[in-house]
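If you read the protein sequences in the order shown, they are chains A and B.
For the record, in the first sequence the residue sitting at position 542 is 542 according to the UniProt record's numbering, with numbers rising by one throughout.
For the record, in the second sequence the residue sitting at position 91 is 91 according to the UniProt record's numbering, with numbers rising by one throughout.
There are 2 protein chains.
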Amino acid sequence: MADQVAPENPTPAAAPTVRPKQRVSHRGRSAGGRASSNQQEGKVEEFEPFMLMPRGPPPLTEYLDIFDVDVLKQPNEVNKQAHHTHLYSSNFLIVRRAQEFQIKITFNRPYKPAEDKFAVEFVIGPVPQYSKGTYIPVFPTAKRQSVWSGRVIESSENVVTMGITPSAECIVGKYMTYIGVETPYGIRRTRRDPNTDIYILFNPWSPADPVFLDDEEEREECVMNELGIIYHGAYDDVSERAWNYGQFEFGVLDACLFVMDKADMPLSNRGDVVKVTRVASAMLNSRDDDGVLVGNWSGDYMYGVPPTSWTGSVEILLDHANSSGTPVCYAQCWVYAAVFNTFLRCLGIPSRVVTNFFSAHDNDGNLKMDIILDENGKLDRNRTKDSIWNYHCWNECYMARPDLPSGFGGWQVVDATPQETSDGMFRCGPASVAAIKHGQICYPFDAPFVFAEVNSDVVFYRRRKDGILEVVKVNQTHVGRMVLTKAVLHSGRRDITNQYKFPEGSPEERRVLEKAEEFGCQREKSSPALSDVDVEIHSLDVNVGENFDVTLQFTNRSDQRRTADVYITGTVVYYTGVPSGEVVFKTPKVKLEPMQSKEEKVLVRSEDYMNKLVEQRNIHFIATGKIKETGQIITAMKVIAMHHPKLTVKVTGSPRVSEEMYVSVEFTNPFKFSLENVDLRVEGPGVLPFKYKQYSVIAPGTSITWTEAFSPRRAGSTKVFAKLDCAALRQVYGETELTVQE
Amino acid sequence: MADQVAPENPTPAAAPTVRPKQRVSHRGRSAGGRASSNQQEGKVEEFEPFMLMPRGPPPLTEYLDIFDVDVLKQPNEVNKQAHHTHLYSSNFLIVRRAQEFQIKITFNRPYKPAEDKFAVEFVIGPVPQYSKGTYIPVFPTAKRQSVWSGRVIESSENVVTMGITPSAECIVGKYMTYIGVETPYGIRRTRRDPNTDIYILFNPWSPADPVFLDDEEEREECVMNELGIIYHGAYDDVSERAWNYGQFEFGVLDACLFVMDKADMPLSNRGDVVKVTRVASAMLNSRDDDGVLVGNWSGDYMYGVPPTSWTGSVEILLDHANSSGTPVCYAQCWVYAAVFNTFLRCLGIPSRVVTNFFSAHDNDGNLKMDIILDENGKLDRNRTKDSIWNYHCWNECYMARPDLPSGFGGWQVVDATPQETSDGMFRCGPASVAAIKHGQICYPFDAPFVFAEVNSDVVFYRRRKDGILEVVKVNQTHVGRMVLTKAVLHSGRRDITNQYKFPEGSPEERRVLEKAEEFGCQREKSSPALSDVDVEIHSLDVNVGENFDVTLQFTNRSDQRRTADVYITGTVVYYTGVPSGEVVFKTPKVKLEPMQSKEEKVLVRSEDYMNKLVEQRNIHFIATGKIKETGQIITAMKVIAMHHPKLTVKVTGSPRVSEEMYVSVEFTNPFKFSLENVDLRVEGPGVLPFKYKQYSVIAPGTSITWTEAFSPRRAGSTKVFAKLDCAALRQVYGETELTVQE
């Protein structure tokens with residue numbers, strides 16, 4: 001009831017049905033837009049008057065004028081050599097922080113330090129501000145200095161050679177260069193000249209920079225090396241993939257800066273390596289934020305490139321940048337890690353790709369992987385949900401951690417593969433490797449998740465009739481069995497497991513796990529009595545398409561007879577440990593005399609598994625069983641990664657810089673079925689940009705040979721490698737080494 | 001060149017132009033979908049055979065059968081009283097963790113503990129799993145117990161009263177209840193019966209629960225109180241808003257659980273208060289993740305409800321849930337904080353809304369707010385980008401922090417207002433208040449950002465002609481001037497500034513700032529000489545629409561003459577400190593005799609500001625100037641929050657539970673212009689669900705009276721309050737108190 005005549009509308013305001021756009025204007029909320037783009041250019045006045053000048057600037061003829069600015073950007077000139085940036089194929093000067101570089105300025109007359117006042121000005125982004133580090137003037141005189149120091153190195157006639165040292169915290173990205181001359185009326189500037197633009201990168205060679213890495217060989221490997229080796233397969237049967245990181249390829253540096261622009265990352269944060277790596281770990285996957293790569297583990301790659309087909313990062317980063325940020329299809333963990341590695345090395349952050357074998361992927365962040373058996377000890381597939389990745393790849397990058405107490409700098413885990421972290425976001429790290437080794441998982445970022453990936457226990461439960469789960473066995477050594485990365489400056493492996501954990505069973509290891517529990521990691525406490533009968537699974541190397549035997553090795557350690565009812569299942573699994581099809585199921589009953597050892601063979605025939613194979617052709621065998629006399633449970637697990645045909649890669653011609661030579665890739669289809677829509681890729685770091693070819697069909701027994709001409713871009717030893725990929729046969733791989741002469 | 005006839009397609013695979021859908025199937029990546037929905041129900045077999053039964057289950061007549069299950073859910077029954085959940089208007093049983101509740105089971109015959117085997121089973125989500133805490137059987141016998149304990153309290157004839165105690169870490173949400181009887185053939189279950197569904201919440205009353213708060217009055221305020229007071233305005237002229245949190249209103253609990261479902265939060269994480277609060281801080285804003293509320297500070301609220309118009313959380317949460325998760329328009333910080341508070345209290349997490357006056361909103365996370373003056377000491381608006389919010393509201397919630405070293409439990413800051421955190425994500429916290437007070441900002445989550453909000457310095461720079469900024473003044477006391485929250489169990493204020501910081505200038509404060517710097521906070525080091533002339537700004541309370549004086553108070557502390565060239569600007573600002581229109585600019589020249597004090601008045605006329613007012617009607621005065629004799633800079637700042645007309649709210653009738661009474665809201669338009677499209681809202685916690693009315697126009701000088709009938713739902717003292725809101729006049733407010741008798 002309202003005693004007023006004004007028309008009324010008593011319906012409550014409902015939530016709008018149109019979904020509001022996610023980016024509401026910043027008006028009223030922040031002063032001016034955010035400076036979060038390196039591509040946008042702020043306007044810089046050519047004349048900046050000190051007072052009102054109705055008639056515009058007066059003639060300034062008697063003041064210093066600039067004829068030419070040379071930033072000495074040729075690869076063979078002083079700057080790129082001294083700053084380790086000569087390998088970038090780029091038309092611009094590229095230097096590193098906290099290290100002097102030189103520019104030559106030609107004036108209209110000799111420079112007179114006493115009266116002439118000029119400054120070299122560096123500008124980045126749309127709203128240049130001195131206090132935000134996006135506008136930096138540099139002065140030639142010792143008494144006037146800004147956050148970047150400057151000095152006159154040489155002055156002859158009209159030419160001044162000036163030395164400029166960017167601060168160790170300055171923003172990493174692309175700057176515009178101006179020269180401003182101060183006159184009584186105002187500041188007169190040079191015109192915008194793209195030729196004088198300068199990229200400034202992180203500097204692992206400078207002790208002042210948080211990414212300083214005090215080991216020349218490590219820097220050569222983790223910053224300068226374009227050729228990578230990524231490990232996969234099974235921990236006891238490791239395979240390798242070569243990868244072309246291509247951080248120096250034309251356009252890659254701009255593509256990396258574009259990733260930060262796409263992330264809308266404030267420029268003022270881009271000098272902080274912790275923030276840069278964290279933002280990148282989120283941006284490299286397309287979850288949440290339309291990042292670089294779309295993850296796909298389904299086996300169906302119709303709408304993109306199969307993850308197993310890529311040979312390098314260049315194609316991916318350029319696709320993303322050239323499509324103004326459309327996510328690229330498809331990636332799995334090693335693709336994320338490899339592209340992330342390119343991003344990091346390209347910006348000057350020391351980094352490497354590591355592979356963790358048997359990586360726990362536990363989406364509630366506790367330290368248990370649950371395997372559930374029924375009352376008879378048979379695996380209960382429906383109730384077993386956790387999966388252990390046969391391997392998982394992530395990155396380590398090297399940096400100080402000023403945001404943490406001392407002792408946690410050095411290598412840091414970052415992971416761009418979208419996983420369900422307990423934090424619910426698809427990003428991970430940087431997490432200090434030292435903190436993980438010592439169980440100090442209370443420090444950012446995401447340390448508990450990484451800790452679980454290498455330290456989880458595998459817990460076998462027997463499900464009682466009344467629904468309760470009884471722990472029957474705890475395997476504390478299965479997960480995080482081995483962490484590998486490429487060796488420094490040669491192609492061997494490097495086992496860095498001991499940087500993540502103390503030796504299994506050592507007192508230090510126990511203390512670390514207790515420490516981690518203090519910070520909320522839940523572990524399985526009960527330690528059920530060990531069975532007096534053991535079982536192990538063995539097998540020889542297996543080539544895809546062959547029949548093979550799996551051997552169950554039983555050992556009775558008791559002085560009584562034992563009878564084992566055993567269930568052995570062999571299942572084709574994705575590398576994520578997720579089961580696809582079951583290929584064999586046997587239930588042998590084994591009688592064991594006191595102290596007896598005995599073998600039981602299980603035959604697996606090719607027709608049982610060939611039609612079920614997925615992706616990387618792993619067959620996961622689990623043997624479980626119950627000892628009749630004692631009721632104890634015995635278990636064993638083994639992943640068999642099948643070997644597959646190889647590609648033959650040959651290079652012919654004399655390997656000299658910019659002399660033409662040829663690579664030929666040969667393959668013979670060894671199967672009784674024909675291969676369809678076959679992708680073939682070949683590339684070689686520094687010598688051969690990636691090439692792609694498709695064969696619609698390769699009939700059984702037939703061979704193909706693909707030859708391409710190329711001419712090496714630079715000297716040194718490198719590899720040329722190729723991948724063949726199709727739905728029926730993934731990641732067939734071949735490589736050859738070559739050394740290019742000047 | 002390929003020596004094979006197969007057709008070829010040498011074009012490289014380009015990135016697909018169709019944007020791939022963000023949710024690729026989990027196939028191959030994880031075993032089965034994630035259990036991240038409380039709404040989906042897992043299938044539970046009515047009969048679960050132990051062996052194959054071709055002919056289906058045999059007759060089970062001789063075994064125990066269940067006639068009835070009573071979960072004693074009436075508000076006056078034992079459970080809700082003991083668990084402090086009697087106020088929830090809900091048709092279901094609602095209890096808390098780590099505390100026993102009772103259910104009555106009626107069997108077909110007396111229960112024989114010796115032979116009868118039954119279990120009460122609780123199931124949550126689509127894939128019930130004992131090891132993930134989503135399937136929990138509870139047994140009546142001491143020797144068979146699961147993670148939840150059970151006992152028989154009383155057994156008379158066919159009726160058994162059972163006591164059930166959920167574990168202190170169990171998942172918070174809605175469970176289904178079954179009773180399973182074990183027979184030799186299998187487990188026989190009761191049918192699904194929604195009447196026996198049970199909500200389990202956090203338990204601040206139980207020492208075992210991480211949210212335990214050992215103070216009954218605090219619990220009454222921070223968990224049970226639906227009536228809130230939220231502070232705003234200026235620190236020296238604080239205003240209040242009453243708010244109806246309405247955490248017990250019908251449907252609100254389900255709406256809160258829906259928020260976690262919308263966030264796709266794994267059920268197994270929902271027992272962890274740290275993870276729940278962190279996910280919620282991201283989900284309550286619509287950035288990144290289509291959360292509950294769309295932020296809008298622009299002054300244009302055409303497509304939704306103006307932030308200043310809301311009177312409570314119920315309308316918002318129900319809108320969101322009923323529109324299957326469409327973000328609700330619009331919110332500003334206090335709306336985010338208020339709705340977040342409802343979420344937290346509803347789930348049983350002790351929480352309160354706090355207001356920080358002069359909150360630094362610094363988007364590069366250092367500790368400086370930059371104000372830039374030109375050579376003459378005049379404010380340079382174009383170069384001054386940082387803004388200081390006149391106030392900012394966030395939440396504190398109370399919990400242990402098992403993920404951190406000891407000493408950092410207790411109150412934690414969480415903030416749902418989307419700000420540019422250095423982490424780039426629109427979420428914040430939980431960050432330990434104790435850690436912030438002691439500068440221990442190396443612990444998660446987002447502590448450095450909160451630390452900056454209360455500890456930043458205001459730095460005045462003079463911009464030299466050559467572009468360099470000279471620090472001329474550092475104000476270390478302006479930011480984080482005062483932190484307020486509602487007092488416990490009465491409507492007074494509580495100043496909790498000392499929980500965030502040590503006293504300004506104390507040695508502890510200095511140590512804390514040094515500690516924070518160790519963790520990467522950058523502060524302004526230079527401390528320029530203090531001027532020997534001071535200036536302050538004073539003014540009396542101002543009612544909107546009036547002319548008023550602003551007084552500049554000058555004091556010359558030197559024994560010489562001083563001349564000050566002063567610039568004073570008054571600018572209408574949003575509460576975010578962002579300038580809108582300039583209303584006055586004067587440049588008095590003041591001559592001061594030695595040791596003299598002098599006043600200078602500046603008149604501000606209503607016609608200068610009335611047409612420029614925005615939102616909350618703050619005028620921000622900044623006086624800056626230069627002392628001719630010394631060249632020193634003097635500065636002063638003051639925000640004047642204008643007072644505005646009030647609403648008159650009256651209730652008539654006798655305030656008794658469920659007896660009808662009336663509320664009338666009166667308003668007179670005091671302005672010379674008419675108000676259009678006026679929103680009017682009224683509500684009262686526990687007595688009056690929100691009502692809405694709109695007037696298309698209120699002419700100058702005319703009055704409106706709006707009367708509504710209502711009948712109180714429960715006894716106790718509460719408030720009824722109303723808000724009037726339109727484009728020309730925001731958040732006109734009125735309230736009245738009443739005490740309802742039984």
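Backbone N, C-alpha and C define an ideal beta-carbon position, used for all residues, glycine too.
As the structure is a computational prediction, the values presented were derived from the model and not from experiment.
Using the beta-carbon of each residue, which ones in chain A are nearer than 7 Å to B:Glu182? Lys465, Asp466
Give every residue of the same chain whose Cβ lies closer than 6 Å to the Cβ of B:Gly233, excluding the five residues on either side of it in the sequence, and list them in chain order. Ser239, Ala641
Just verifying my parser: in three-state terms, what is the DSSP assignment at A:Gln521? The sequence given here has Cys at residue 521 of chain A, not Gln. A:Cys521: coil per DSSP, three-state reduction.
Going by C-alpha distance, which of B:Pro49, B:Asp457, B:Ile94, B:Glu453 is nearest B:Val181? B:Pro49
Going by DSSP, what residue range makes up the beta strand (DSSP E) through B:Asn611? That residue, B:Asn611, is in no beta strand (DSSP E); it is neither H nor E in DSSP.
Taking the alpha carbon of B:Thr648 as the point to measure from, which residue in B:Phe673, B:Cys346, B:Asn669, B:Pro444 has its own alpha carbon closest? B:Asn669
Say yes only if the C-beta of A:Ala142 is nearer than 7 Å to one or more non-hydrogen atoms of the ligand FMN, and no if none qualify. Within the structure as shown, the ligand FMN is missing, as the structure has no ligands at all.
Within this structure, are the beta carbons of A:Lys591 and A:Thr569 separated by less than 8 Å? no
Whole angstroms are fine: how far does the CA of A:Ser89 sit from the CA of A:Phe690? 16 Å
Neighbourhood of A:Glu742 by C-beta distance below 8 Å, restricted to the same chain and skipping five residues each side: Arg656, Val657, Ala715
Here's a check: name, in chain order, each residue in its chain whose Cβ is nearer than 7 Å to the Cβ of B:Ile372, leaving out the five neighbours to either side. Asp380, Arg383, Thr384, Tyr461, Arg463, Leu469
Between the Cα of A:Ala636 and those of A:Gly505, A:Val472, A:Val578, spot the shortest distance and give me the residue it belongs to. A:Val472
Does the region 115-134 of chain A come close enough to the region 161-180 of chain A that 3 or more CB-CB pairs lie under 8 Å? yes
A:Gln553 - containing beta strand (DSSP E), residue span: 548-556
Residues in its own chain within less than 6 Å of B:Arg494 by CB, not counting five upstream and five downstream? Thr485, Ala487
Name the DSSP beta bridge partners of B:Cys726, please? B:Leu729
Counted within 10 angstroms of its Cβ, other Cβ atoms place B:Thr106 as buried (16 or more) or exposed: exposed
Fully enclosed by the UniProt domain "Transglutaminase-like" (325-418) of chain A, which alpha helix (DSSP H) runs are 4 residues long or longer? 333-347
Quick check: is the beta carbon of B:Ser324 nearer than 8 Å to any beta carbon in chain A? no
Using beta carbons (cut-off 8 Å, strictly below), is A:Met162 in contact with chain B? no
Within its chain, find whatever has a CB closer than 6 Å to the CB of A:Ile316; leave out the 5 residues flanking it on each side and keep chain order. Val328, Val339
Can you pull the chain A neighbours of B:Cys442, defined as C-beta to C-beta under 7 Å? Asp403, Leu404, Pro405, Tyr443
A:Val78 burial status per 10 Å Cβ neighbour count (16 or more: buried): exposed
Length of the line joining the Cα atoms of A:Glu546 and A:Ser606: 5 Å
Residues of chain B with CB closer than 7 Å to the CB of A:Leu469, please, in chain order. Tyr130, Ser131
Only counting the same chain, and skipping five residues up and downstream in sequence, which positions put a Cβ closer than 8 Å to that of B:Val474? Asp457, Val458, Val459, Phe460, Glu524, Ser526, Ser527, Pro528
Three or more beta-carbon pairs under 8 Å between the region 166-178 of chain B and the region 292-301 of chain B, yes or no? no
Give the residues from the region 94-121 of chain B that approach chain A closer than 8 Å (Cβ to any Cβ), ordered along the chain. Lys117, Ala119, Glu121
Partners in chain B for A:Ile525, counting only beta-carbon separations shorter than 9 Å: It should be noted that the sequence gives Lys, not Ile, for residue 525 of chain A. Neighbours of A:Lys525 on chain B: none; closest Cβ ~13 Å, over 9 Å.
Let me see if you follow: with CB-CB separation under 8 Å, is B:Asp370 close to chain A or not? yes
From what residue to what residue does the beta strand (DSSP E) around B:Gln102 run? 101-107
Ends of the beta strand (DSSP E) at A:Asn677? 675-684
Quick one: which residues of the region 133-161 of chain A get their C-beta closer than 8 Å to a C-beta of chain B? List them in chain order. Tyr135, Pro137, Phe139, Arg144, Ser146
Residue span of the beta strand (DSSP E) that contains A:Ser580, given as start and end: 579-586
Under a CB-based cut-off of 8 Å, is B:Phe519 close to chain A? yes
Would you mind reading off the limits of the beta strand (DSSP E) that contains A:Ser239? 237-244
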